[in-house]
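A quick write-up on the structure given underneath.
Numbering (full-length UniProt numbering), first residue to last: 1 to 388.
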């Protein structure tokens, strides 16, 4: 990301020259935060490319303090995109489609763009095992040597929270499938952690939602209308291929320099940056296994049936971790042995409030009774996956 940081610095100096806002790292006259300045400075270029940022990121925007000292979080104009300084929400001007823009420098664009285009191609787009985020468009901004990758607007995979074991099974099945397809094509993700997994909200949130306060409506006036994962099963996607690489199988076992992703606990990276070259595919298995361990086994009761598989995926010795095909087979076996009662059971967090527990149980019984009467599947897979 050094090249991108240099681009940020250059953009900031240009902004200072034009008098648009003050020194990088300080708030500008419009009360924007440092991470927002890049987008504000290049808003007109992005608009010319066909994508409109929210008014907050327009160069001439100014924001007054909230009236009566009310909290800033109550007002849409104070909502800051917090995903990453390299990602921002936008609207496609031709049809109003809500998207996300990711900026990449020339040094970082090539591999990520090629991999995104591969999984968005006609050959793989309809493959039921393809769970790589589709690339809507890519826009080259020559003036600032940046390429904007345009992807659909998504939600974090765990927002809203999971309610049943069956919903978790549907999620894990899809993500394992997605990583399996990548590995079959000799592509290692190299950062397949929870922060790089999202869900398609189009079914669960039919009228959309605000890109920052996701429980609010698109116009920020009301709560967003929503359905559960069981009512409207979402499709899950792997995102962010900035560290992903293709490895030619003709060259034998791949060995690559260590690159640390979002999960810093990888055993083979403990001596980073002095660790020796490694095979990135077992590291992907660790990332996925550790995500299941930290986000489900350690967070909720009732996932003892995954203990052995996750332990093997997180083995200290990378060579002892199972291949992704074996992970898929073993997961299908252990999840397939679960009863319908178990799959429909409510997820109980290890830190859940005892006070709210009875109310959540009553709501769960109410919903589950309806699902049983209407024969709604206990493992809610999206139609496009189930029918392919």
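In this text, a Cβ means the ideal position worked out from N, Cα and C, and glycines have one as well.
Residue 134 is positioned such that its CB atom lies no closer than 8 angstroms to that of residue 186. In this chain, the alpha helix (DSSP H) harbouring residue 174 covers 165-184. Within a 10 Å sphere around the beta-carbon of residue 252 sit fewer than 16 other beta-carbons, which makes this residue exposed. At the C-beta level, residue 193 and residue 272 stay beyond 8 angstroms of one another.
For residue 226, the CB contacts under 6 angstroms within the same chain, skipping 5 residues up- and downstream, are 204, 205 in chain order. A contact between stretches requires three or more CB pairs, one per stretch, nearer than 8 angstroms, and the region 327-334 fails this requirement with the region 113-127. Taking C-beta separations shorter than 7 angstroms and ignoring five residues to either side along the sequence, the partners of residue 296 in its chain run 168, 303, following chain order. A check of alpha carbon separations from residue 177 across 357, 371, 323, 347 identifies 323 as the nearest.
Residue 377 has no beta-bridge partner at all, per DSSP. In the same chain as residue 346, and ignoring 5 residues on each side of it, the C-beta atoms closer than 6 angstroms to its own belong to 364, in chain order. Contact between the region 206-213 and the region 70-83 is present, with at least three C-beta pairs closer than 8 angstroms. According to the DSSP assignment, residue 288 belongs to the alpha helix (DSSP H) that extends over 280-292.
Residues of the same chain with a CB within less than 8 angstroms of the CB of residue 223, apart from the 5 flanking positions on each side, are 215, 216, 217 in chain order. Only exposed fits residue 362, as fewer than 16 other CB atoms lie within 10 angstroms of its CB. Ranked by Cα distance from residue 344, the options 230, 267, 38 are led by 230. Annotation for residue 124: the continuous alpha helix (DSSP H) segment containing it runs 122-125. Here residue 188 carries a strand assignment [DSSP, helix/strand/coil]. Taking 8 angstroms as the cut-off, the Cβ atoms of residue 292 and residue 172 count as close. Between residue 45 and residue 141, the C-beta spacing is below 8 angstroms. Measuring C-alpha to C-alpha distances from residue 99 to each of 335, 154, 147, 68 identifies 154 as the nearest.
The C-alpha of residue 117 lies about 25 angstroms from the C-alpha of residue 279. Here residue 237 is buried: its Cβ has 16 or more other Cβ atoms, across all protein chains shown, within 10 Å.
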